[in-house]
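Chains as they are written, first to last, in the working numbering: chain A, 11 to 272; chain B, 389 to 718.
Positions of the beta carbon are idealized from the N, C-alpha and C atoms, including for glycine.
Here it is in structure tokens:
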């Protein structure tokens, strides 16, 4: 049986979603995506890039990779802006998938969860399949599901911070409460071990960008993340041991010669 | 031996340095440009930083090699190179970016706030630490273009045909060098445009001796001092070939960064804004492509002044001496 993740009726084997910004060059971006095995990449839409054929070269390069494109509304600070960007993205990238970001704070890039729910409702009514970038707040998650989101993407830590999973308790709570909703840790992942940890918690996938794009060798780091997500997923299926406070010898001592005389 | 007749199309830093390298090697050179004045493309809007070690933060090693050669070229042939190094700083909360920058580059000194203040008195008390790339240099691109163009015409007998909108294919010469930058995209299908936007501001409240890079996770900028209290603030990098105008967002970001570097920039006059499209290949490295008797020199990306002299030296040696340069002939 193959172990696949389901997003809006489509199945994928890779559990690593990769962003396409900030790479040293398109050639390195292309090699990194190949090395990562990612089947979904996010592409942010800057308005300049959409006027006619102006951004075509970059878009052609992404298309040549044969991966599913998940456009995002990165950098949008209001519902209206996010909805407009999503509509443009639908035209440019020819998909009804949208990673919805409504930024609420300029410094922390924290999602504006009120605007997020509102924008998600509007976009879903227009037929979009929304991947919301949200916090780890359970109630916000419920609201997003109630307006029709079929995926939730809570942050691990602020975008680009590389701090890993800041609130493991909240992430576990979400997993426990939404056992059948595909959950993706989006943002904050800095190391392959963070990605492995998310998968070990039972998260369906991770989405990251800076950790690969800004690595010394992005292609090598992409491969490292591919292995880490695979390891994390295997570990989740394997059923981890319970941690405990006391040492337990891995080799039994009882019955060994001379053990009774010690 | 007969003198070789060379035609060059494009009078940006690529075309001008190509003309220079060829004229130095005894060729008879005619340079064509569709504009009335020289260098009115990307070269006009460039920062003019000869910052090869800083560029290693994101560029391939080849840029370092070309950059080192180009730095010597400018020092030898252009009398107004400013050899004061460059300075890299970051706001306190972005020190991880400074660490990353240091890890990816070389030929710098980590300096403390006192040293920052000694180098740039107007930054006193503003930054606790910085990276000083002492061996780097910078120049004013517009001065360099003017100087080269005059020297080529007055001393080296290069003929300039301005407002000559010619196609390289239509020219009758022993060799034609296509130095048109992004205009050549119809014959270079893997060439793409990377939009860049910049500002020139003026304030007499502060002065800098050298280019300063301010690291920021989203909008890294550099500020290059020019004559008469002018400062060039640049530059955005957007995957787009839109050549229209600077966007409000880019202007806000550039000015914000300048203001973060020093609040006096808040009072500066905005003298000029500029937008153009850098020509780039997928690996952001320049190339020389042979196409019959045409050599297409392109893809300098953000490394115009840093790459052109070294690339055109190679082109000149291909044409005059039959050499090959696999590192750029791809």
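When the five nearest sequence neighbours on each side are left out, the beta carbons in the same chain lying within less than 7 Å of the beta carbon of residue 413 of chain B are those of 704 and 708, in order along the chain. Residues of chain B with a Cβ closer than 8 Å to the Cβ of residue 226 of chain A are, in chain order, 491 and 492.
In the DSSP assignment, residue 696 of chain B falls within the alpha helix (DSSP H) that extends over 692-709.
Of the candidates B/685, B/652, B/624 and B/631, B/624 places its Cα closest to the Cα of residue 640 of chain B. Two segments are said to touch when three or more pairs of C-beta atoms, one from each, lie closer than 8 Å; by this definition the stretch 251-263 of chain A does not touch the stretch 393-400 of chain B. Here DSSP, grouped into helix, strand and coil, assigns residue 574 of chain B to helix. With a minimum length of 3 residues, the unbroken runs of beta strand (DSSP E) contained wholly in the stretch 49-124 of chain A fall at 50-54, 78-82 and 107-110. Contacts with chain A at 7 Å (Cβ-Cβ) do not include residue 537 of chain B. Within the same chain, no residue comes within 6 Å of residue 34 of chain A by CB-CB distance, once the 5 residues on both sides are set aside.
The Cβ-Cβ distance between residue 185 of chain A and residue 148 of chain A does not fall below 7 Å.
Inclusion of residue 401 of chain B and residue 692 of chain B in the CB contact set at 7 Å is warranted, their separation being smaller than that value. Rounded to whole angstroms, the separation of the alpha carbons of residue 610 of chain B and residue 600 of chain B is 5 Å. DSSP places residue 392 of chain B outside both helix and strand once states are collapsed to three, so it counts as coil.
Residue pairing for residue 686 of chain B: DSSP places it in a beta bridge opposite B/675.
According to DSSP, residue pairing for residue 444 of chain B in a beta bridge does not occur. Scanning chain B for C-beta atoms nearer than 7 Å to the C-beta of residue 36 of chain A yields 670, reported in chain order. Residue 474 of chain B has B/521 as its beta-bridge partners, per DSSP. Straight across, the Cα-Cα distance linking residue 140 of chain A with residue 193 of chain A is about 13 Å.
Shown here for residue 489 of chain B: same chain residues with a beta carbon closer than 7 Å to its own, the five before and five after excluded, namely 445, 476, 519 and 603 in chain order. For the stretch 539-595 of chain B, not one full-length alpha helix (DSSP H) segment reaches 4 residues or more. In the DSSP assignment, residue 254 of chain A falls outside any beta strand (DSSP E), carrying neither H nor E.
In the three-state scheme derived from DSSP, where H, G and I count as helix and E and B as strand, residue 412 of chain B is classed as helix. C-alpha of residue 115 of chain A to C-alpha of residue 166 of chain A: approximately 17 Å in a straight line.
At a cut-off of 7 Å between beta-carbon atoms, residue 605 of chain B makes contact with chain A.
Secondary structure of residue 149 of chain A (DSSP, three-state): helix.
Under the Cβ distance rule, residue 568 of chain B does not count among the residues neighbouring chain A, no pair being separated by less than 7 Å.
Rounded to whole angstroms, the Cβ separation of residue 516 of chain B and residue 480 of chain B is 7 Å, and the two are in contact under 8 Å.
With 16 or more other Cβ atoms inside 10 Å of its own Cβ, residue 569 of chain B counts as buried. Each residue's CA atom was taken as its position, placing residue 136 of chain A and residue 680 of chain B some 54 Å apart. Following the DSSP letters along the chain, one finds residue 621 of chain B inside the beta strand (DSSP E) bounded by residues 618-622. Residue contact with chain B for residue 29 of chain A: absent (no Cβ-Cβ distance below 7 Å to any residue of chain B). Legend: CB atoms of the stretch 627-650 of chain B lying less than 7 Å from CB atoms of chain A belong to residues 627, 628, 629, 630 and 635.
Judged by DSSP in its simplified three-state form, residue 469 of chain B adopts coil rather than helix or strand.
Within the DSSP secondary-structure output, residue 428 of chain B pairs in no beta bridge. Residue 151 of chain A and residue 472 of chain B have their C-alpha atoms some 55 Å from each other.
Here DSSP, grouped into helix, strand and coil, assigns residue 461 of chain B to helix.
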